[in-house]
Every structure is written in C-alpha cells, then in structure tokens.
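Visitor: Once you know that position 101 of the sequence shown is 1390 in my numbering, the rest is easy, because the numbers rise by one and skip nothing.
C-beta atoms are modelled at their ideal positions from N, C-alpha and C, and glycine is treated no differently.
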Amino acid sequence: MTPLPFGSFLSLCIKLVAAYMCGSIPFGILWTRWLKKGDPRTVGSGNIGTTNVYRLAGIKVSALVYLSDFLKSALPLYFAPQEYQLPMGVACIVGHIFPIFLNFKGGKGVAPACGVMAITMPVHFMVAALIWGAILKTTGYMSLASLCGILGAFILTALFFDHSAAVAMALITALIFYAHRENIARLMRGTESSLKKHLVQS
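#1: Report yes if the C-beta distance between Ser-1432 and Arg-1475 is below 9 Å; otherwise report no.
#2: Determine the closest residue to Ile-1314 out of Leu-1360, Tyr-1343, Gly-1333, with distance taken between C-alpha atoms.
#3: For a test of the three-state rule: what should DSSP assign to Asp-1358, helix, strand or coil?
#4: DSSP on Asn-1392, reduced to helix/strand/coil?
#5: Using a Cβ-Cβ cutoff of less than 6 Å, which residues in the same chain neighbour Gly-1404 once the five nearest sequence positions on both sides are dropped?
#6: Work out the CA separation of Arg-1330 and Phe-1316 for me, nearest whole Å.
#7: Whose CA, out of Leu-1484, Arg-1478, Asn-1392, Lys-1349, lies closest to the CA of Val-1426?
#8: By how many angstroms is the C-alpha of Tyr-1430 removed from the C-alpha of Glu-1481?
#9: Any idea if Gln-1371 is buried or exposed, counting beta-carbon neighbours within 10 angstroms, 16 or more meaning buried?
#10: Taking the continuous alpha helix (DSSP H) assigned at Phe-1466, which residues delimit it?
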C-alpha cells in the first residue's frame, strides 16, 4: 500500500479534525436552550439526542435537533473530495458521541450517521430508513429501530460496496452499538422505554 504524500496526509488530518469539531456541536442542548425548553440531560435517559429531546420538548424541537445533527455531517461531506468523505464521516460521528464541548459525553450517533449515508450511499440510507420506520412502528423502541437500521445498512455495504466503504461502515456500526450499550442491556431485560404510546397519540 503506497503511503500518502505528506501534503495529502496533512490535508486529511485537517479535514478529520474539522469533521470531529462539527460532530461535537451539541445541537440537542443548543436548540432546547435557545427555545427555553430546558436541558435534555436532566430528563429521561439524560442523552442530548433526538429521542430524549422529543421526551423533553416534543416533536418539533426534536425534528430540529435531528435535522441539525444530520446536516452537521452531511454538509461537510458534501463539499469534501470523495476520497475523504468516509473518514470524515467516521470522525464526525466520533465527535457526536464523544464531543469535546461536553466532556466527551454526547449522543448516540444515529442522526449524523444518517447524514453520512445520505451523502456516501443514498440507496443504503433509504433502505435503513425503511427498516427503522418498520421496526419503530411495530415495537415503539427507537433504540431497536436505530440499531436494526444501521445493521441493515452495514450488511448492504459489506455485500455491495468496496472494502474501504465496508470498513468505514463497520466502524460506524460499532460506534453506534457501543453508544447504545445501555439500551441494548435494557432491551434484553425488557425494561427499555417505548415510544409506542406517544406514536399512537400523535
């Protein structure tokens, strides 16, 4: 494997740091603070992501958080050279899960992962979204829906994309499963919180 020239290596490092910093922007806290809805870290799971913001502030604010977290990965990748997109996507998700601005305690990585897939593998993103929607509607478990969606996208990537894309998607899947480790434990115990009641009412 031919090593990268120093200039290209330096450029990649700068892009990875920039992507990590974008991922670290805590929109779950910023939007709830700007709209005077409270702090998602004080309710529910204490997470700053879309699901917990939904519990705190409702569907409109949670949609803003999801869109913001989606775009903070999608936009940098859209303007990046194709060869840098997947490494930058992984860096952005790392920033979201381990943000420097919140002592490395962030969200679960799903929304920025969706942004990465939408830019780099849009068909896989749509399949993952369909899986997510079907599981969520059936069970009401947001965590289970997210995990099944990302796992489905990884399987498709492993089957139909090249080695580098499969490796990047494996890293993204591992990060998201790690971030959901407490949810997985609750799912196995049967104590995970379901949104089914909220979905029926909405």
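Guide: Straight from the coordinates:
#1: Numbered from its first residue, the sequence shown carries residue 1432 at position 143. Numbered from its first residue, the sequence shown carries residue 1475 at position 186. Yes, these two residues count as a Cβ contact at 9 Å.
#2: The residue labelled residue 1314 in the question sits at position 25 within the sequence shown. With respect to the C-alpha of Ile-1314, the residue from Leu-1360, Tyr-1343, Gly-1333 having the closest C-alpha is Leu-1360.
#3: Against the sequence shown, residue 1358 aligns to sequence position 69. If DSSP states are grouped into helix, strand and coil, Asp-1358 belongs with the helices.
#4: Walking along the sequence shown from the start, residue 1392 turns up at place 103. Here Asn-1392 sits in coil by DSSP.
#5: For the purposes of this step, residue 1404 is taken as the residue at position 115 of the sequence shown. Correct list, in chain order: Phe-1359, Ser-1362, Ala-1363.
#6: Counted from its first residue, the sequence shown places residue 1316 at position 27. Counted from its first residue, the sequence shown places residue 1330 at position 41. Roughly 12 Å between the two C-alpha positions.
#7: Stepping through the sequence shown from its first residue, residue 1426 is reached at position 137. Strictly speaking, residue 1426 in this sequence is Lys, with Val absent from that position. It is Leu-1484 whose Cα lies nearest to the Cα of Lys-1426.
#8: The residue given as residue 1481 occupies position 192 in the sequence shown. The residue given as residue 1430 occupies position 141 in the sequence shown. One C-alpha to the other measures close to 8 Å.
#9: Residue mapping note: residue 1371 aligns to position 82 of the sequence shown, counting from 1. That one is exposed.
#10: As a working note, residue 1466 is residue 177 in the sequence shown. Taken as a continuous stretch (DSSP letters only), the alpha helix (DSSP H) holding Phe-1466 covers 1452–1468.
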